[in-house]
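The structure appears right after this line, and notes come after that.
Chains as they are written, first to last, in full-length UniProt numbering: chain A, 1 to 349; chain B, 1 to 349; chain C, 1 to 349; chain D, 1 to 349.
Next up, the structure:
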């Protein structure tokens with residue numbers, strides 16, 4: 001790799017929040033050069049009209065997907081279901097394809113069908129895709145040509161649970177995880193539910209049971225245990241705070257959770273364990289993570305009952321989507337893993 | 001009037017925020033009996049599905065406007081421009097009509113045309129309508145059969161300025177008023193601008209110049225002076241905080257403003273002068289007014305420059321729309337003026 | 001009871017949010033006449049300076065507790081621990097005492113000590129107090145002279161679970177409840193954690209394990225099962241949304257939950273079951289309840305796993321504190337149960 | 001200058017928001033090496049406990065100011081009034097001193113006294129300080145050893161008005177500017193007014209007249225005209241949106257404002273003119289600027305009345321304080337002017 005290597009990136013479906021966030025991060029990345037952004041609705045318009053934070057940062061204009069030229073990397077930021085159906089359009093155009101949707105995350109076509117309610121259009125291709133979670137699949141990501149970025153809620157659940165399940169710190173009992181989710185997770189299109197007067201003060205359970213990310217999380221997490229996800233919308237715009245209730249064996253203590261996290265994550269650049277004895281910032285809080293690629297993890301234990309409350313916080317658009325994708329590309333191309341992801345986050349925020 | 005007199009009310013266009021708020025207030029009013037609520041889109045649906053605060057409060061269902069039966073009072077809560085065009089549909093159905101839109105507020109058809117960009121469909125009828133601002137038109141409202149409810153921003157401006165202009169406490173110089181407005185003022189329909197992620201953190205100037213309520217305010221306010229309105233949207237859902245910069249003659253002081261407000265408003269049940277020397281609630285704040293019919297007024301003077309900063313706060317949906325309408329009906333029917341408008345507001349809120 | 005009966009009320013510790021909310025409700029109550037409000041810090045000051053929503057509603061001034069005169073009802077709104085220590089001061093001053101704190105809720109002094117970390121100062125008196133939850137203790141409340149108002153988070157948990165546990169709809173397995181709580185629950189005093197820049201955007205787990213309301217909830221709920229509570233602060237000011245994960249026996253379905261709720265709550269004036277198939281207001285949402293005495297309940301079932309997600313929403317200061325107290329007094333004095341609690345809540349809000 | 005030159009920075013008073021923000025920016029700056037941060041209250045504590053966004057970013061601990069060692073640059077982030085009184089402590093410790101307070105901004109000791117109510121402790125030193133506004137004083141900043149950072153509200157006013165006043169596009173009439181300000185502007189200490197339940201929903205006029213930044217703005221702006229400032233707090237944490245009402249001569253139009261801004265600001269890296277014909281992001285909005293050093297400017301004209309509404313948006317802690325300081329240092333040391341200030345801002349946010 002040359003110090004000055006730059007790869008040409010095309011973002012397909014770049015007017016939404018995931019595509020816009022990838023664009024923001026890529027514009028600040030030393031090895032990425034965004035040369036094309038597509039949007040059917042906004043073709044011909046400067047991208048900075050749709051992503052006003054990028055005023056003065058880029059002169060790119062949206063083009064139609066049909067006008068896509070060659071690139072080194074194509075990033076698909078299409079609505080769920082579209083990437084799989086249209087993958088043929090893109091495969092000849094770039095060596096590396098990153099998909100931000102759910103289309104290529106699940107390995108088992110039957111699980112896909114059970115989860116998304118229709119047969120996968122290219123079931124044989126599923127094996128070619130690496131699940132884009134750097135902490136679990138760093139080795140697979142090196143040199144990868146197909147990266148299926150992990151889902152945001154799934155990421156917050158997986159990163160909290162993985163070390164503990166891997167190292168046997170949890171009992172194989174029901175795990176109940178609740179995600180408190182910001183409004184950006186539902187995308188850039190206005191709906192009745194996203195109308196500000198209906199949403200600004202709301203705490204709204206939008207997926208009490210049957211959340212689709214359950215399948216992803218179960219695919220990635222070791223062991224057999226029932227996993228239950230509930231999702232609640234909050235007045236925040238970005239961020240997910242997940243609390244997961246799990247069960248530790250008799251005789252286990254804080255130390256065991258600490259050491260499991262340390263063993264698995266001590267070298268991870270974007271995982272921080274947040275568990276402070278006093279003050280107001282004792283546990284993970286998505287307030288501190290807007291724009292960052294961190295996943296902050298914390299926990300507290302109830303020794304009387306064996307319950308451990310795991311907590312994880314991420315920015316759903318960064319560590320939950322676009323930052324994840326950048327981090328995966330950094331690994332795939334052997335660039336410094338934190339390249340383009342240096343933002344520390346704001347306080348106060 | 002019997003103590004138990006009840007008038008039948010029909011609300012036309014009852015699925016929006018103005019109609020819903022009128023309905024909420026009317027359901028708690030001793031002399032109003034809402035018998036019909038129309039909505040083309042929701043006909044057949046219980047009103048409490050659209051206005052979920054009314055669960056358990058009413059079993060009314062929406063009907064189509066074409067099915068409207070007789071009533072004593074019809075309240076029109078239609079989009080601007082519709083009431084005037086369709087007024088013929090309603091005139092035979094009830095003795096009293098209250099319009100919550102801007103259609104019948106302006107007396108002068110030419111001003112209407114200049115303001116709203118089209119000729120008024122029934123210019124000759126404009127003289128029949130009383131401008132529904134109880135503080136200025138209480139006598140005209142007694143027994144009135146046509147009430148055109150004052151606009152929300154206009155109300156906040158008029159109530160702050162009226163006593164001072166009437167009693168000569170202000171110089172005939174430019175008055176600059178800025179309204180900080182909640183998102184409910186733009187209505188119940190989702191738009192790109194009302195999408196929560198775009199609106200939650202926004203401070204957005206949406207009408208720097210040319211606000212249509214200027215015409216209303218100038219019609220109602222005594223004297224000749226240039227009035228300039230600017231409207232900015234805020235992260236609140238309800239409420240308007242207006243600050244108006246005006247100019248006092250040499251030698252005038254706080255006392256003159258106080259006494260003008262007292263002279264004109266001392267008997268007003270919904271006007272409060274808020275000007276406290278210390279503490280955190282020194283001036284009007286819409287935070288305290290959600291759901292109430294109050295207009296809180298305050299001011300501060302800069303004796304060095306002759307500038308006085310007038311402040312007024314209202315709930316745009318109550319004192320700015322539906323509460324105003326109820327208060328006007330209370331006067332029209334000689335009911336206690338505060339009937340149905342007793343809610344004190346919340347603290348904290 | 002005379003139609004015009006009025007009882008004199010004294011509020012002790014009336015400058016906080018609980019006392020202020022009781023005052024607001026009592027001022028609108030046909031049978032309550034607030035004659036005294038105490039505050040050591042604000043003695044001599046008009047109550048409306050501290051509770052600015054009450055401007056123009058009352059001319060009461062705070063006095064010191066030492067100056068307390070006789071009343072019919074004393075409402076104690078003191079910090080936890082103070083009411084029990086000072087109860088002797090108040091017992092001769094009024095026949096009926098209502099305590100809004102946690103001091104007299106627990107029947108068992110040992111549980112009190114285990115929960116609050118010190119011996120109860122008047123353990124023998126605990127039996128005289130009725131737990132102020134009207135839905136569970138209506139008969140005990142009739143004529144009661146000592147009412148210990150239920151805690152806010154406890155109330156939201158108890159009301160969601162009680163019918164299902166009573167009627168055997170739940171398995172005796174772990175129940176995990178998460179409360180999303182507004183900032184007013186922490187009281188009226190500014191702290192590092194309540195500083196707006198630190199709190200406005202925060203989702204902060206403040207009590208992952210060991211919440212004190214566990215003891216209350218377990219005292220009141222029938223059956224033996226492990227109950228786990230987690231509390232998270234949200235950007236809202238008022239309101240609690242509780243989701244409780246519990247387990248249903250094989251073969252049970254929605255119908256069983258519905259019928260349990262109906263059997264127990266069908267006559268309850270402040271309980272609403274909210275479970276709508278479509279639209280954006282499908283489940284309980286505290287957004288709709290600010291200022292109201294409602295507890296909205298909902299649920300959703302995962303038949304594959306036997307998990308049921310119960311949801312309950314309240315305003316922590318009303319159904320969670322002061323409204324609860326008013327409702328209990330209405331029962332104690334045989335007044336209409338909804339007297340003073342008629343506010344429907346706002347939409348939008 | 002070497003490509004790898006690094007200057008040692010000491011931040012005095014580093015536990016507040018201004019100092020914390022400077023620290024965040026400095027940690028990402030290629031030429032700044034923060035070696036010391038002082039806080040009397042937190043001495044001995046890791047800075048990341050107070051500024052939790054910096055977890056994993058620095059191992060610095062607070063020390064007491066008395067333990068201050070030599071540095072190349074000292075940044076004073078002390079409460080207003082302290083820097084001037086204690087300046088002697090710092091002058092021998094570093095060649096370059098940057099003050100973030102108001103202490104050294106005003107050139108005229110009499111204006112200082114009239115504004116801040118006490119005599120300046122070192123009036124003779126005032127002439128040594130450069131007013132830290134890069135757009136107006138770039139040449140003075142080159143090599144400067146004393147930089148008094150411009151105030152946040154003053155900056156938003158000055159940058160909007162300066163080109164128009166300089167080039168004669170405005171009449172010498174009253175200019176009325178309203179600043180909508182986030183809660184972080186009041187600092188990191190909890191107060192009654194910053195208590196979340198009292199602030200979250202508030203729109204609070206906190207300085208209707210007599211704002212101290214008037215003196216700064218008048219010192220920096222060319223020409224003689226009355227300037228009136230009003231400040232209102234909003235529910236945002238960061239950001240200022242200023243609207244200024246000014247007056248244009250007959251015959252002037254949009255073009256004149258455009259060309260004045262272009263003439264003065266076309267080379268400015270942090271000034272953007274935002275005036276878009278359609279869409280929802282037509283004017284400056286602080287929502288888009290959190291964490292960035294931009295000042296976005298816009299305007300709209302009312303040709304009928306000659307009023308122009310100027311709009312400016314900044315992040316009060318960045319372009320209004322710490323970013324300004326970094327930009328000034330970049331100029332002083334001849335580093336690239338955008339070094340350390342590259343963050344584009346988030347959308348959505």
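Don't be surprised by glycine CBs; every beta carbon is placed ideally from N, CA and C. Computed from a prediction, not measured in an experiment: that's the story for all the values here.
Approximately 6 Å separates the beta-carbon atoms of residue 317 of chain A and residue 17 of chain A; this is inside 8 Å, confirming the contact. Residue 267 of chain A counts as exposed, since fewer than 16 other beta carbons sit within 10 angstroms of its beta carbon.
Using a Cβ-Cβ cut-off of 8 Å, residue 192 of chain B is close to 279, 280 of chain D, given in chain order.
Between residue 314 of chain C and residue 320 of chain C, the C-beta gap is smaller than 8 Å, which places the two residues in contact. For residue 201 of chain B, the chain A residues whose Cβ falls inside 8 Å of its Cβ are 237, in order along the chain. Residue-level contact by beta carbon fails for residue 249 of chain D and chain B, as no gap is shorter than 8 Å. Put simply, the backbone Cα of residue 251 of chain A is about 22 Å away from that of residue 311 of chain A.
DSSP assignment within the segment 197 to 275 of chain D yields the following whole beta strand (DSSP E) runs of 3 residues or more, N-terminal first: 204 to 207, 227 to 233, 240 to 247, 271 to 273. Counting only residues of its own chain and dropping the five nearest sequence neighbours on each side, residue 298 of chain A has a CB closer than 6 Å to the CB of 274, 275, 283, 284, 311.
Residue pairing for residue 46 of chain C: DSSP places it in a beta bridge opposite C:61. DSSP places residue 297 of chain A within a strand segment (E or B) once states are collapsed to three. Around the Cβ of residue 128 of chain A, a 10 Å sphere holds fewer than 16 other Cβ atoms; the residue is exposed.
Contacts with chain D at 8 Å (Cβ-Cβ) include residue 349 of chain A. One Cα belongs to residue 214 of chain D, the other to residue 201 of chain A, and the distance between them is close to 36 Å. Against chain B, the beta carbon of residue 184 of chain C has neighbours under 8 Å at 348, listed in chain order. About 6 Å separates the Cβ atoms of residue 203 of chain D and residue 234 of chain D, confirming a contact at the 8 Å cut-off. Secondary structure note for residue 112 of chain C: its alpha helix (DSSP H) is the uninterrupted segment 109 to 116.
For residue 87 of chain D, the enclosing alpha helix (DSSP H) begins and ends at 82 to 91. Excluding residues up to 5 positions away in sequence, 100, 132, 324, 325 lie with their Cβ nearer than 6 Å to the Cβ of residue 149 of chain D in the same chain.
Of all C-beta pairs linking the segment 214 to 232 of chain B to the segment 154 to 172 of chain B, three or more are shorter than 8 Å, placing the two stretches in contact.
Against chain D, the CB of residue 307 of chain B has a partner CB under 8 Å away; the residue lies at that interface.
Exclusion of the five residues before and after residue 182 of chain C leaves 236, 237, 238, 239 as the residues of its chain whose Cβ lies within less than 6 Å of its Cβ. For residue 7 of chain B against residue 32 of chain B, the beta-carbon gap comes to about 6 Å, under 8 Å, which counts as contact. Under the DSSP assignment, residue 17 of chain A falls in the alpha helix (DSSP H) whose first and last residues are 17 to 27.
The straight-line gap separating the alpha-carbon atoms of residue 308 of chain C and residue 175 of chain C is approximately 10 Å. When rounded, the separation of the alpha-carbon atoms in residue 113 of chain D and residue 107 of chain D is 11 Å. Under the DSSP assignment, residue 345 of chain A falls outside any alpha helix (DSSP H); it carries neither an H nor an E label.
Residue 314 of chain A is bridged by DSSP to A:240, A:295.
For residue 197 of chain B, at least one C-beta of chain A is nearer than 8 Å to its own C-beta. The criterion of a C-beta distance shorter than 8 Å is satisfied by residue 332 of chain D and residue 142 of chain D. With its beta carbon less than 8 Å from one in chain A, residue 300 of chain C belongs to the interface.
Taking 8 Å as the CB threshold, residue 41 of chain C stays off the interface with chain B. CA-CA distance, residue 330 of chain A to residue 138 of chain A, rounds to 10 Å. With the rule of 3 Cβ pairs closer than 8 Å, the segment 289 to 303 of chain B does not count as touching the segment 68 to 88 of chain C. For residue 173 of chain D, the secondary structure class from DSSP, reduced to helix, strand or coil, is coil. In the structure shown, the three-state DSSP call for residue 76 of chain C is strand.
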